[in-house]
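This report refers to the structure that appears directly beneath it.
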Amino acid sequence: MLGIALKMLFRDRAKYAMLVCGLSFCSLLMCQQISVFCGLMMWTTATVRNIGAPVWVVDAKVEQANEVIPMRQIEVERVRSVPGVAWAVPLFIGMEQARLADGSFQNVQLTGLDTGTLTGRPMEMRAGRIEDLRLPNAVIVDQVAVEKFRKKGIKIQLGTTFEINDKEARVVGICHAARSFFGQPYIYTTFDRAMEYTKPTRKQLSFVLAGPSAGVTDEELAARISRLPGLRAITKDNLFWLTVLWYIKNTGIPISIGTVVILGIIVGIAIAGQTFYLFVHDNLRFLAAFKAMGARMPTLAAMVLLQAFSVGFIGYGIGVGLVSWFGSVVLVKEQPPFFMPWQVPTFVAIVIVFICSFSALIGLIKVARLEPAVVFR
Amino acid sequence: MSNLAINVENVVKSFPAGDTRTYALKGATLDAKFGELLMIVGPSGCGKTTLLSVICGTLKCEEGRLTVFDHDLRAMKEGQITRFRCENVGFIFQQFNLIPTLTAVENASVPLILNGVSTAEATRRAGEVLEKVGIGEKRHSYPSQLSGGQQQRVAIARALAHEPRLIICDEPTASLDAATGQKTLDLLKSSALQPDRCVIVVSHDNRIYHFADRIAEMEDGRVTGIHNDPKNYHHA
Ligand SMILES: Nc1ncnc2c1ncn2[C@@H]1O[C@H](COP(=O)(O)OP(=O)(O)OP(=O)(O)O)[C@@H](O)[C@H]1O
Ligand SMILES: [Mg+2]
Numbered sequence: 000m001l002g003i004a005l006k007m008l009f010r011d012r013a014k015y016a017m018l019v020c021g022l023s024f025c026s027l028l029m030c031q032q033i034s035v036f037c038g039l040m041m042w043t044t045a046t047v048r049n050i051g052a053p054v055w056v057v058d059a060k061v062e063q064a065n066e067v068i069p070m071r072q073i074e075v076e077r078v079r080s081v082p083g084v085a086w087a088v089p090l091f092i093g094m095e096q097a098r099l100a101d102g103s104f105q106n107v108q109l110t111g112l113d114t115g116t117l118t119g120r121p122m123e124m125r126a127g128r129i130e131d132l133r134l135p136n137a138v139i140v141d142q143v144a145v146e147k148f149r150k151k152g153i154k155i156q157l158g159t160t161f162e163i164n165d166k167e168a169r170v171v172g173i174c175h176a177a178r179s180f181f182g183q184p185y186i187y188t189t190f191d192r193a194m195e196y197t198k199p200t201r202k203q204l205s206f207v208l209a210g211p212s213a214g215v216t217d218e219e220l221a222a223r224i225s226r227l228p229g230l231r232a233i234t235k236d237n238l239f240w241l242t243v244l245w246y247i248k249n250t251g252i253p254i255s256i257g258t259v260v261i262l263g264i265i266v267g268i269a270i271a272g273q274t275f276y277l278f279v280h281d282n283l284r285f286l287a288a289f290k291a292m293g294a295r296m297p298t299l300a301a302m303v304l305l306q307a308f309s310v311g312f313i314g315y316g317i318g319v320g321l322v323s324w325f326g327s328v329v330l331v332k333e334q335p336p337f338f339m340p341w342q343v344p345t346f347v348a349i350v351i352v353f354i355c356s357f358s359a360l361i362g363l364i365k366v367a368r369l370e371p372a373v374v375f376r
Numbered sequence: 000m001s002n003l004a005i006n007v008e009n010v011v012k013s014f015p016a017g018d019t020r021t022y023a024l025k026g027a028t029l030d031a032k033f034g035e036l037l038m039i040v041g042p043s044g045c046g047k048t049t050l051l052s053v054i055c056g057t058l059k060c061e062e063g064r065l066t067v068f069d070h071d072l073r074a075m076k077e078g079q080i081t082r083f084r085c086e087n088v089g090f091i092f093q094q095f096n097l098i099p100t101l102t103a104v105e106n107a108s109v110p111l112i113l114n115g116v117s118t119a120e121a122t123r124r125a126g127e128v129l130e131k132v133g134i135g136e137k138r139h140s141y142p143s144q145l146s147g148g149q150q151q152r153v154a155i156a157r158a159l160a161h162e163p164r165l166i167i168c169d170e171p172t173a174s175l176d177a178a179t180g181q182k183t184l185d186l187l188k189s190s191a192l193q194p195d196r197c198v199i200v201v202s203h204d205n206r207i208y209h210f211a212d213r214i215a216e217m218e219d220g221r222v223t224g225i226h227n228d229p230k231n232y233h234h235a
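Each protein sequence line maps, in turn, to chains X and G.
Numbered according to numbering that gives the first Met the number 0, the first sequence spans residues 0 to 376.
Numbered according to numbering that gives the first Met the number 0, the second sequence spans residues 0 to 235.
Pasting the structure below:
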């Protein structure tokens, strides 16, 4: 009878198409929007992921990774004095203006790495050597800088020069870095040179990066450093989630995306539920005939469930498939934001299962109430 | 096995109607024998369909005795009745009730599949029955591609496919023109009627009365008369 059920479904072309379209649209909307949301959240944590140090030490009032409250450079020494700290290095992060050869300006994220160790160095070099950062006036730019400068008609290659706050910067390397929320290019240099590029102030240390010695976990280390007055130490993972949660709480992003997701669910339930109801309703007469001919309730229930879940499965496949394809195109360009961890399709699958169960349930209630005697009328 | 296929005695069936109940059957009594085509006739609303439903177990009656093939239907549980119906009863409806998205042969195979026959075997046997009722060449047509008479033949094939002992027809000719109705009844009688079978036909249509072996006349929820000579029966 399950074969019969599938034939009844697939050959009812109009309703079948409608059901699959509704569920595809619903999966697509949810999956795409949640992935865009995840992508945006990934952008907000670009610095954390680019630098990648295990423990981050900040001013006690800092709430997330994109908020910089400058500290005195002496704090590096204070962190080093905490037992269990294997190493601790300074990191400068600041928004500066680069002036290009044609006189136009570009905001850049200036990143000053510890001069000795270059801790937090870019993970992927596309051209040049990271060690050349120690040469005079040397900087390494990311792919975003290359792209942004190209739009202004300037081709960046090894040896290209521009100015940061009237001081010369010479490109010795091109790297690939995770894209930031506002999309400013990352410009890497040493901590000492970053001090030269920026206007001198009393406090210029943005972060202290630290690593634990053997036998000490990141969490333990963070807890120990946090006991220093005025400082807060956060593990990389915690900083990632603190930042994501901060953006969820303090921006309109979750609300606007959540609205679309909820709309997707409502549209899915409305279209799929209603069409499936119509489908069952139109077939009620025949289901009653089956019942009269001796089909038992479990058989009929299995038929209705199979029908509901096969359209759900197909619609889900199409919707998520389209989003994955969209994602594979987008990921190459890194814009618009897109990130689809396995939790997203899983969540969408759960919602689709819910919608299908709901639709099937409505149909089943009708079938259960069916008197087989109605076939004579 | 007695010669009596069905024994209905003083069966009462009512339906709720507002605060009161309407009595569709008020003590109907009827026998059907093996090997006969029994026709039930009577004015609209006299309870013919209700009686059929009670006999095949799709409706439960409130009072009386009801024996079908030596089974006391009133003592059986819902699930048992369903299985009993699945194995023993073939249906032919006024509206045919063929599934529009299934081909003729798929429609005819449904009772076999419900009886646990594999789809391949069911399709083969349904095809044979379609041959027997003379529309073998239309086996892959959908109901919408068939004429009324052809559809009713498919319905007959479906009713016969699993070789049930009881075949129940409610107004089988009401949706057909006179000539097709005659042919359908002819076919029904020749293909369905066997010594170990019983066919019950409810009808308004006095042009097919002569196909019956006996006619039971109903009025107001009761069987008011049995006529053993249908050829000379004229409705009051
Ligand atoms: N499900 C039901 N609910 C309420 N009343 C019903 C129901 N089924 C039948 N009745 C009533 O029972 C009586 C007998 O109905 P039934 O359908 O058996 O008549 P019938 O002889 O088959 O009529 P027709 O020739 O018009 O088909 C009618 O008065 C009808 O209104
Ligand atoms: Mg009737």
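Where is the CB? At the ideal position from N, CA and C, for every residue including glycine.
Test item: CB-CB of residue i and residue j under 7 angstroms
i, j, result
"G:L175", "G:G147", "yes"
"G:G89", "G:A158", "yes"
"G:C60", "G:K12", "yes"
"G:L186", "G:V132", "yes"
"G:D212", "G:E35", "yes"
"X:V352", "X:M40", "no"
"X:I317", "X:S23", "yes"
"X:K365", "X:V266", "no"
"X:Q96", "X:Q183", "no"
"X:G326", "X:M339", "yes"
"X:V78", "X:I68", "no"
"G:D30", "G:L72", "no"
"X:G210", "X:W86", "yes"
"X:V54", "X:L220", "yes"
"X:T197", "X:V138", "no"
"G:T21", "G:E8", "no"
"X:A372", "G:S52", "yes"
"G:L97", "G:Q151", "no"
"G:G56", "G:K47", "no"
"X:G102", "X:L112", "no"
"X:G83", "X:S212", "yes"
"X:N49", "X:A177", "yes"
"G:K230", "G:H203", "no"
Which of helix, strand or coil DSSP assigns to residue i
i, result
"G:D195", "coil"
"X:P211", "strand"
"X:V81", "coil"
"X:W86", "strand"
"X:F206", "strand"
"G:A16", "strand"
"G:Y22", "strand"
"G:H233", "coil"
"G:L165", "strand"
"X:G38", "helix"
"X:L227", "coil"
"X:I92", "strand"
"X:M124", "strand"
"X:L369", "coil"
"X:G111", "strand"
"X:K198", "coil"
"X:N249", "helix"
"X:T116", "coil"
"X:V57", "strand"
"G:Y141", "coil"
"X:M70", "strand"
"X:A222", "helix"
Cβ-Cβ separation, residue j to residue i (assumed contact under 8 angstroms), whole Å
i, j, result
"X:I153", "X:L99", "6 angstroms"
"X:F91", "X:T116", "Actually they do not touch by this definition, with Cβ atoms about 14 angstroms apart."
"G:I112", "G:A121", "5 angstroms"
"X:G158", "X:V140", "Going by Cβ atoms, the distance from X:G158 to X:V140 rounds to 12 angstroms, so no, they are not a contact pair."
"X:N35", "X:P336", "Looking at the sequence shown, residue 35 of chain X is not Asn but Val. With a Cβ gap of about 6 angstroms, X:V35 and X:P336 count as contacting."
"G:I214", "G:Y232", "5 angstroms"
message: Under 8 angstroms: do the region 29-36 of chain X and the region 337-348 of chain X share three or more Cβ pairs, one atom per stretch?
response: With the cut-off at 8 angstroms, the region 29-36 of chain X and the region 337-348 of chain X touch.
message: Give me the pocket residues for ligand 2, defined as CB within less than 7 angstroms of any heavy atom, sorted by chain position.
response: Those satisfying the condition are, in chain order, X:F375, G:K47, G:T48, G:D169, G:E170, G:V201.
task: Would you be able to state if there are at least three C-beta pairs under 8 angstroms between the region 356-374 of chain X and the region 299-316 of chain X?
output: Yes: the two stretches touch, three or more of their Cβ pairs being nearer than 8 angstroms.
task: Mind checking the region 279-295 of chain X against chain B and listing, in chain order, the residues whose C-beta falls within less than 9 angstroms of any C-beta there?
output: Looking for chain B here will not work: the only protein chains present are X and G.
task: Answer yes if the region 270-286 of chain X comes into contact with the region 6-14 of chain X, meaning at least three C-beta pairs across the two stretches below 8 angstroms, and no otherwise.
output: The answer is yes - the region 270-286 of chain X touches the region 6-14 of chain X, with three or more Cβ pairs under 8 angstroms.
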